[in-house]
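**Student:** FYI, the numbering for the sequence shown is 489 to 1086, going by the numbering used here.
Just so it is clear, CB atoms sit at the ideal spot from N, CA and C, and this is done for glycine as well.
Treat the numbers as computed from the prediction; the structure is a model and nothing was measured.
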Amino acid sequence: MYTYKLNRIVFNDGTAIEPGSLTVIIGPNNAGKSRILKDIAAKTTQNQLIPGVVVSNIEWTLPQSIQELHETYNIERYKDEHGSWTFRTLAPELCQEFQTSIGLTPGLEWLDWYEGQYQAINKFSFFAEHFGRAVIAFLTTEHRLQLVKESSSPAYEKEASNLLQALYHAGRTVENSIRTLAKRAFEREIILDFTLPQRLRLRVGDDFSTVPLDPRDARPILAKHDKLDEQGDGLRSFVGILVALLAMKRSLFLIDEPEAFLHPPQAFKIGEFLAQQANDTRQIILATHSVDVLRGILSKTQNVAILRIDRVSNTNYFRQLDPDRLKELVNDPLLSSARVLDGLFYSGAVVVEADSDARFYQTTSRKQRAEADFHFVNADNKQTVPRIAKMYRDMGVRCAGIVDFDVLNDSAEFKKQLEALALNEEQFGEALTIRENIGQAANEVSPDERLEKAKQQMTELLSSVKAIQDSTTASDKKRMLQKIDRACQEIADSTKSWKQFKQQGRAALSPELQTQFDRLWHICAEKGLFINPCGELESMLAEYGIAPTTDKRGWITQALQLLPNLEVNDEKYPWKFVKAIHDQLLSKVSNEQEETLA
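#1: Between L592 and R813, what straight-line distance do the alpha-carbon atoms span, to the nearest angstrom?
#2: Using a threshold of 8 Å, state whether the C-beta atoms of G831 and V885 are closer than that.
#3: Kindly indicate which three-state DSSP category F499 falls into: helix, strand or coil?
#4: Tell me, please, whether the region 643-663 touches the region 733-752 by the rule of three or more beta-carbon pairs shorter than 8 Å.
#5: Return the residue from the list T577, V541 and T683 that minimises the CA-CA distance to N804.
#6: Based on the DSSP output, what are the partners of S522 in its beta bridges?
#7: Within 10 Å of its beta-carbon, does G1033 have 16 or more other beta-carbons around it, so buried, or fewer, so exposed?
#8: Let me know if D820 comes out buried or exposed under the rule of 16 or more other beta-carbons within 10 Å of its beta-carbon.
#9: What are the partner residues of I863, as DSSP defines its beta bridges?
#10: R672: which of R974, E760, D681 and E585 sits nearest, CA to CA?
#11: Identify whether Y492 lies in helix, strand or coil by the three-state DSSP scheme.
#12: Could you give the uninterrupted runs of the alpha helix (DSSP H) lying entirely in the region 840-920, keeping only those of 4 residues or more?
#13: DSSP three-state label for K715, please.
#14: My output table needs one value for R827: the three-state DSSP class, helix, strand or coil.
#15: Within 10 angstroms of the Cβ of P1021, are there 16 or more other Cβ atoms? Answer buried if so, exposed if not.
#16: For F508, name the three-state secondary structure that DSSP assigns.
#17: For A766, does the three-state DSSP call read helix, strand or coil?
#18: Taking only three categories from DSSP, how would you classify T1111?
#19: Would D843 be called buried (16 or more neighbouring beta carbons within 10 Å of its own) or exposed?
#20: Using only CA atoms, which one of S665, K941 and L750 lies nearest to R632?
#21: Is the CB-CB distance between V839 and A867 below 8 Å?
#22: Excluding five sequence neighbours on each side, which residues of the same chain lie with their C-beta closer than 7 Å to the C-beta of R827?
#23: Do you know how far the Cα of V623 is from the Cα of Y561?
#24: For I538, collect the residues of the same chain with a Cβ closer than 7 Å to its Cβ; drop the 5 residues on either side in sequence, then sort them by chain order.
#25: I need the straight-line Cα distance from K990 to G728, nearest angstrom please.
#26: With a 10 Å radius around its C-beta and 16 neighbouring C-beta atoms as the bar for buried, classify T483 as buried or exposed.
#27: For a test of the three-state rule: what should DSSP assign to D798, helix, strand or coil?
#28: Under 6 Å Cβ to Cβ from Y490, same chain only, skipping five residues before and after it: list those, please.
#29: By the DSSP assignment, the alpha helix (DSSP H) with W1009 in it spans what residues?
#30: Are the Cβ atoms of R847 and I1069 separated by less than 8 Å?
#31: Would you kindly report the start and end of the unbroken beta strand (DSSP E) that includes S544?
#32: Using the rule of at least 16 other Cβ atoms within 10 Å of the residue's Cβ for burial, across every protein chain shown, is P507 buried or exposed?
#33: Between L1017 and Q905, which are expected to be in contact by the criterion C-beta below 8 Å, what is the C-beta distance as a whole number of angstroms?
#34: Can you find the residues in the same chain that come closer than 7 Å, C-beta to C-beta, to G722, ignoring five residues on each side of it along the sequence?
#35: My output table needs one value for A643: the three-state DSSP class, helix, strand or coil.
#36: From this set, D882, D798, Q1046 and I709, which residue's C-alpha is nearest S697's C-alpha?
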């Protein structure tokens, strides 16, 4: 039996994919996701010669005869008063009826005419123009809320001029499936009310299991329940998608933003539903901005093609992602809690060491460039930064990693950071040499000097404790305990050779080493790794009066209160540092895109 199926889609950069039963298009805003669906809809329902903005060509399976098309999709034809063959169907948006007429010369029957034209002109163009609308559904956000509005009852048996008529013809089994799915997502049941012979409407309630089957008996009961038309946009949109997929016999569904009007839990459930609806006889291609829809899909299937689209200047780039890799993101406790998957929907991702770093750099980034579409990811520690950054780059996402100056403290750890950057051999060796030079300088403070410093700090702390030991007030003792806590942290830091470098960063180096560090910084920054030249995050606002401290929570609270009131100055930190990150993300394409350009 003939089944309509897209075999190949070619995009404007030459990238081609062979879509399976389910294709999900993701990427940042304004990259072209919705445009892909519009191009596919246009090229499969109109003359193929019409140019597409993002899609340049499409190929699909064609029937051998009109009879094959009739047997699979029940395309009924009849002669109008002019003697032309005509058939009616629902337009792809499923909100109105579509009719097409084809003039015939006297004595020439439908099948003869069809096969003669089929051989004479472009097969795809002929099929798209005359039959494409009967096998394709295009669920747009614009029409979503109109899909299941109250409408007229069907005038002809097995013919539908609106989606509720299609649901009526689909029967009670389909209606019960829709009721069950709506109940799971919204705790409300849906029933088709056809108790008035001339009207169809959907009703909403808690339990319709006892509604009589006879419409005459059901009418007074259903009249007490609200119409779906009077409910919120989320429920109407959700039910519209359910009815379209379950009641319509079409082989290709194009769905734009299925998450529109839905809260995250319902977006997850619509993702689950769509994953379960794609099969060998039905293709679904959807464009989404929602990580919840994507998670819902991946929770039910890995038989999915995930296409990420990005745009740099006026050029689109496409990358088909590995569903196994995405499944890893969903199931990894650290990566899922850090919202790593969300970064696929942004123009770029910035991976940082801790939550306070993410909050600080995100606030600074938005202050400096409000239109920047970047996702900030907390990697939980510097050791995880290269792992997440590499994962993003492998998936075609422009990415930057930010680490504190003390990443240079550990040779083995810094080597892992460099390995994730794909440096050439010369750059790799030069970077390690500079790190060794800085490491040697940091260790110039001898253990004896550090021990003496710790003894001095402990003596001062004990003196403070003795001075208050006779105090009877609880508030004095509480303040002393807080002082002890801070002092112990400072003593612990003073035993470390990198304390000064952590607080001052580049400024703690000799002039010669500063020059070397600048070279190291540029080697890493060109590949997307940014070493904080100020030392650590808590040193970023020293020039604005917030001194470095071991009280990280207190520091970030002060910083986030101060930042909105500061004037952006690209010659001062933190603005200078964040600007460099913006420039790198906005002017560079990902490694995969660089290979494409080459």
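**Tutor:** On the basis of the data shown:
#1: Here the question's residue 592 lines up with position 104 in the sequence shown. Here the question's residue 813 lines up with position 325 in the sequence shown. Only weak support exists for where L592 lies, its pLDDT of 47 falling under 50; the value from the coordinates is given anyway. Taking the straight line from one Cα to the other gives about 55 Å.
#2: Position 343 of the sequence shown holds residue 831. Position 397 of the sequence shown holds residue 885. Closer than 8 Å, so yes.
#3: Mapped onto the sequence shown, residue 499 falls at position 11. F499 falls in the strand class under three-state DSSP.
#4: With a cut-off of 8 Å, the region 733-752 and the region 643-663 count as touching, because enough Cβ pairs lie within range.
#5: The count along the sequence shown starts at 1 and reaches residue 804 at position 316. Per the Cα distances, V541.
#6: Taking the first residue of the sequence shown as position 1, residue 522 is located at position 34. According to DSSP, S522 bridges with nothing at all.
#7: Translated into the one-based positions of the sequence shown, residue 1033 becomes position 545. By the neighbour-count criterion, in which a residue is buried when 16 or more other Cβ atoms sit within 10 angstroms of its Cβ, G1033 is exposed.
#8: In the sequence shown, the residue the question calls residue 820 occupies position 332. Classification of D820: exposed, given that the 10 Å Cβ count is below 16.
#9: Translated into positions along the sequence shown, residue 863 becomes position 375. Sequence inspection shows His at residue 863; the Ile mentioned does not correspond to that position. Note: H863 sits in a beta bridge opposite A837.
#10: As a position in the sequence shown, residue 672 is number 184, starting the count at 1. Cα-wise, what sits closest to R672 is E760.
#11: Start at 1 with the first residue of the sequence shown, and residue 492 comes out as number 4. It is coil, neither helix nor strand.
#12: 843-856, 873-882 and 899-907
#13: Locating residue 715 in the sequence shown gives position 227, where the first residue counts as 1. Reduced to three states, the DSSP call for K715 is strand.
#14: On the sequence shown, residue 827 is found 339 positions in, with the first residue counted as 1. Secondary structure at R827: coil, using DSSP grouped into helix, strand and coil.
#15: In the sequence shown, the residue the question calls residue 1021 occupies position 533. Counting Cβ neighbours within 10 Å, P1021 comes out buried, since at least 16 surround it.
#16: Translated into the one-based positions of the sequence shown, residue 508 becomes position 20. The residue you asked about is not Phe; residue 508 is Gly in the sequence shown. In this structure, G508 counts as coil in the three-state DSSP scheme.
#17: Reading the sequence shown from its first residue, position 278 is the one you call residue 766. It is coil, neither helix nor strand.
#18: Nothing can be reported for residue 1111, as the shown portion of the chain is limited to 489 through 1086.
#19: For the purposes of this step, residue 843 is taken as the residue at position 355 of the sequence shown. Exposed, since its Cβ has fewer than 16 Cβ neighbours within 10 Å.
#20: Position 144 of the sequence shown, counting from 1, holds the residue named residue 632. Comparing Cα positions, the closest option is L750.
#21: To locate residue 839, count along the sequence shown from 1; it is residue 351. To locate residue 867, count along the sequence shown from 1; it is residue 379. In this structure, A867 lies closer than 8 Å to V839 by Cβ.
#22: Mapped onto the sequence shown, residue 827 falls at position 339. Result list for R827: V865, in chain order.
#23: For the purposes of this step, residue 561 is taken as residue 73 along the sequence shown, with counting starting at 1. For the purposes of this step, residue 623 is taken as residue 135 along the sequence shown, with counting starting at 1. Taking the straight line from one Cα to the other gives about 7 Å.
#24: Stepping through the sequence shown from its first residue, residue 538 is reached at position 50. If you ignore the 5 residues before and after I538, its C-beta comes within less than 7 Å of the C-beta of A530 and K531, all in its own chain and listed in chain order.
#25: Looking up residue 990 in the sequence shown gives position 502. Looking up residue 728 in the sequence shown gives position 240. Using only the alpha carbons, I get a separation of about 57 Å.
#26: In this structure the chain extends from 489 to 1086, so residue 483 is not present and cannot be described.
#27: Mapped onto the sequence shown, residue 798 falls at position 310. It is a strand residue.
#28: In the sequence shown, counting from the first residue as 1, residue 490 sits at position 2. Around Y490: P551, E556 and T560.
#29: The residue you call residue 1009 lines up with position 521 of the sequence shown. P999 to E1014 is the span of the alpha helix (DSSP H), which, as asked, contains W1009.
#30: Residue 847 sits at position 359 when you count from the first residue of the sequence shown. Residue 1069 sits at position 581 when you count from the first residue of the sequence shown. No, the Cβ-Cβ distance between R847 and I1069 is not below 8 Å.
#31: In the sequence shown, residue 544 corresponds to position 56, counting from 1. First-last of the beta strand (DSSP E) with S544: V543 to W548.
#32: Position 19 of the sequence shown holds residue 507. Flag for P507 reads buried.
#33: In the sequence shown, residue 1017 corresponds to position 529, counting from 1. In the sequence shown, residue 905 corresponds to position 417, counting from 1. Right, their Cβ atoms sit about 6 Å apart.
#34: Taking the first residue of the sequence shown as position 1, residue 722 is located at position 234. So the qualifying residues of the chain are F749, L750, H751 and Q754.
#35: Along the sequence shown, read from residue 1 onward, the residue named residue 643 stands at position 155. DSSP places A643 in coil when its eight states are reduced to three.
#36: As a first step, residue 697 must be located in the sequence shown, where it is residue number 209. Closest in C-alpha terms to S697, from the list D882, D798, Q1046 and I709, comes I709.
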